[in-house]
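If you're matching positions, the sequence shown starts at 3 in our numbering and goes up one per residue.
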Amino acid sequence: MPLQIFQIDAFAERVFEGNPAAVVPLDDWLDDDVLQAIAMENNLSETAFFVPAGDRVELRWFTPRAEVDLCGHATLATAHVLFKHLGHDGDELRFDTRSGELRVRRCDDGLAMDFPALPAEPVDVLPALAEALRCRPQQLLAAPDYLAVFESEEQVRMLEPDFAALKRLDRRGVIATAPGREWDFVSRCFYPKLDVNEDPVTGSAHCKSAPYWGQRLGRKELVARQLSARGGTVRCRLVDDRVILVGQAVDYMRGEIWVDGLEVRGKR
């Protein structure tokens, strides 16, 4: 039997904006090698796979190279598919993931995702990072990714990183961020270790950047813009140790995947 596949532009108000994610509904989990092969074939920054589990949904995310612990735009895309195309009843979805329970609710501005805040800790600016970015940040913080803080939006816009050098750093990726002119803050996100040199719009990055900017600006609600070629807007709200990320999603494509000899491996 073929598998359904949806391609959704997340954090977008119209097609060709935001970050494209593939969403593949499953009845049961397939072998990890098959999931990874599908993600590699799709060649998008993320492919989301999900399996219904009673009143909850098990959700996993794969880049072309590896499974990841948290992905915002592919969660947004999955919720969009469930609400719009697969007839989910109600205004909230509960996902079981590597990062624990994630909730997504319908709201006036689109879909609101309840994610863990992942504050980063200040560290000394690494010469290797400054060389890889070809621009020295004003401040550097570390979490699973580096958060490189620059003085101006223009500096972030003009970055031309050495991706091979970024790949040699000891963290998964680099989030470059600065105060915005029209938005509270802006960013660009680089993940060459995951075969994603620049991610168009990265929801999970805002779990790190929003707490930083919230503290710096003394704000609980922020509007962020990711300055990739496609671009996308993320509305952020800080609530205790959580970050509520709000965005919209639009359909791009719907189709079927044909893979010979698919084997269901049951629960993970």
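All C-beta atoms, glycine included, are put in the ideal place defined by N, C-alpha and C. These numbers come from a predicted model, not from an experiment.
(message) Please give me, in chain order, every unbroken run of the beta strand (DSSP E) with length at least 3 that falls completely inside the region 138–202.
(response) 141–144, 148–151, 176–181, 187–193 and 198–201
(message) Which same chain residues end up closer than 6 angstroms to Leu-240 when comparing Cβ atoms and leaving out the 5 residues on each side of it in sequence?
(response) Locating residue 240 in the sequence shown gives position 238, counting from the first residue. Result list for Leu-240: Gly-216 and Lys-222, in chain order.
(message) What does DSSP give as the partner residue(s) for Glu-60 in the beta ladder?
(response) As a first step, residue 60 must be located in the sequence shown, where it is residue number 58. Answer is Val-53 and Asp-98.
(message) When you compare the CB positions of Ser-211 and Ile-177, do they come within less than 8 angstroms of one another, or not?
(response) As a working note, residue 211 is residue 209 in the sequence shown. As a working note, residue 177 is residue 175 in the sequence shown. Their beta carbons are under 8 angstroms apart, which means Ser-211 touches Ile-177 by this criterion.
(message) In whole angstroms, give me the CA-to-CA distance for Ile-259 and Arg-183.
(response) Along the sequence shown, read from residue 1 onward, the residue named residue 259 stands at position 257. Along the sequence shown, read from residue 1 onward, the residue named residue 183 stands at position 181. Between Ile-259 and Arg-183, the C-alpha separation is close to 43 angstroms.
(message) Taking only three categories from DSSP, how would you classify Val-261?
(response) Residue 261 sits at position 259 when you count from the first residue of the sequence shown. Here Val-261 sits in coil by DSSP.
(request) Give the straight-line distance between the Cα atoms of Gly-56 and Val-36, rounded to the nearest whole angstrom. (result) Within the sequence shown, numbered from 1, the residue matching residue 56 stands at position 54. Within the sequence shown, numbered from 1, the residue matching residue 36 stands at position 34. Gly-56 and Val-36: Cα-Cα distance of roughly 24 angstroms.
(request) Compute the distance between the beta-carbons of Leu-149 and Leu-128, then report whether it is under 8 angstroms. (result) Taking the sequence shown and counting its residues from 1, the one referred to as residue 149 is at position 147. Taking the sequence shown and counting its residues from 1, the one referred to as residue 128 is at position 126. No, the Cβ-Cβ distance between Leu-149 and Leu-128 is not below 8 angstroms.
(message) Which of the three DSSP states is assigned to Pro-274 in this structure?
(response) Limits of the chain in this structure are 3 at one end and 270 at the other, which puts residue 274 out of reach.
(message) For Glu-28, which residues in the same chain have their Cβ closer than 8 angstroms to its Cβ, ignoring the five residues on either side in sequence?
(response) Along the sequence shown, one-based indexing puts residue 28 at 26. Note that residue 28 corresponds to Leu in the displayed sequence, not to Glu. Closer than 8 angstroms at the Cβ level, and outside the excluded window around Leu-28, lie Leu-5, Phe-51, Phe-52 and Val-53.
(message) Cutting at 8 angstroms between CB atoms, please list the residues of its own chain near Pro-139, excluding the five before and the five after it.
(response) Stepping through the sequence shown from its first residue, residue 139 is reached at position 137. Closer than 8 angstroms at Cβ, skipping near neighbours: Val-127, Leu-131, Ala-132, Ala-150, Val-151, Phe-152 and Ala-178.
(message) Give me the DSSP bridge partner(s) of Thr-235.
(response) Locating residue 235 in the sequence shown gives position 233, counting from the first residue. Bridge partners of Thr-235: Arg-227.
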